[in-house]
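Enquirer: Sharing a structure here in structure tokens format.
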Amino acid sequence: MAEKSISVHGLSEATKAIYAYSQQLGDRVVRGSLRVGANYIARIARASAPVKTSALKRRGIIVRNSKIHRGKSSKDMIGVYLTIARKKKDDPYYGKFQEAGWRAGKRVMPGKLFIDKAFEQNKEKAAEAIQQSAIAASEVLKRKVGL
Numbered sequence: 011m012a013e014k015s016i017s018v019h020g021l022s023e024a025t026k027a028i029y030a031y032s033q034q035l036g037d038r039v040v041r042g043s044l045r046v047g048a049n050y051i052a053r054i055a056r057a058s059a060p061v062k063t064s065a066l067k068r069r070g071i072i073v074r075n076s077k078i079h080r081g082k083s084s085k086d087m088i089g090v091y092l093t094i095a096r097k098k099k100d101d102p103y104y105g106k107f108q109e110a111g112w113r114a115g116k117r118v119m120p121g122k123l124f125i126d127k128a129f130e131q132n133k134e135k136a137a138e139a140i141q142q143s144a145i146a147a148s149e150v151l152k153r154k155v156g157l
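Each residue of the sequence shown is one higher than the one before, counting from 11 in this note's numbering.
What follows is the structure in structure tokens.
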């Protein structure tokens, strides 16, 4: 799958006070709001996933945190990504083949690209959801911490 990204600008005022208080709390607010946007796109990708067995719709598309920053405070970037993976043995294994395509001998089967299409069609709405979630979470944290 190709790397796609959304840049959200205008949250610096809301998160600057939180990062001034604690780097870990600021990372938690940003990661939580990014997960809101990723879950929005994942919900739409699940709806457009191939439905031959419907196992891919139920258990195939997962939102994960970036492996680089798992459990650490960030210095540069915080990432959340969508992936097609197996958590359990009975989860569907064929999701990556459906998304990216495969080769069967000399014949090339093109991918359906349902995650990419969901991202391209809904990235503006996901960015708005990220921004609203970050502002709401920072306001809640301001009230709790007393910033």
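Each residue gets a CB set at the ideal place from its N, CA and C atoms; glycine is no exception.
Please read all numbers here as calculations on a predicted model, not as lab measurements.
Below 8 Å on the Cβ atoms is my guess for Val177 versus Ser143; work out the distance and round it to an integer in Å.
Expert: This structure leaves residue 177 out entirely; the chain is present only between 11 and 157.
Enquirer: My output table needs one value for Ile51: the three-state DSSP class, helix, strand or coil.
Expert: Translated into positions along the sequence shown, residue 51 becomes position 41. Residue state, collapsed to three classes: helix.
Enquirer: Give the straight-line distance between the Cα atoms of Leu44 and Ala65, rounded to the nearest whole angstrom.
Expert: Here residue 44 refers to the residue found at position 34 when the sequence shown is read from its first residue. Here residue 65 refers to the residue found at position 55 when the sequence shown is read from its first residue. The alpha-carbon atoms of Leu44 and Ala65 are separated by roughly 26 Å.
Enquirer: If we require 4 or more residues per run, which alpha helix (DSSP H) segments fall completely within the stretch 75-136?
Expert: Counting whole runs of 4 or more residues, the stretch 75-136 contains the alpha helix (DSSP H) stretches 105-110.
Enquirer: Could you check which residue in Ala146, Gln34, Ile71, Lys152 has the C-alpha nearest to that of Lys97?
Expert: The count along the sequence shown starts at 1 and reaches residue 97 at position 87. When each option's Cα is compared against that of Lys97, the closest is Ile71.
Enquirer: Note down the Cα distance separating Arg69 from Asp101, rounded to an integer number of angstroms.
Expert: Position 59 of the sequence shown holds residue 69. Position 91 of the sequence shown holds residue 101. Their backbone Cα atoms lie some 6 Å apart in a straight line.
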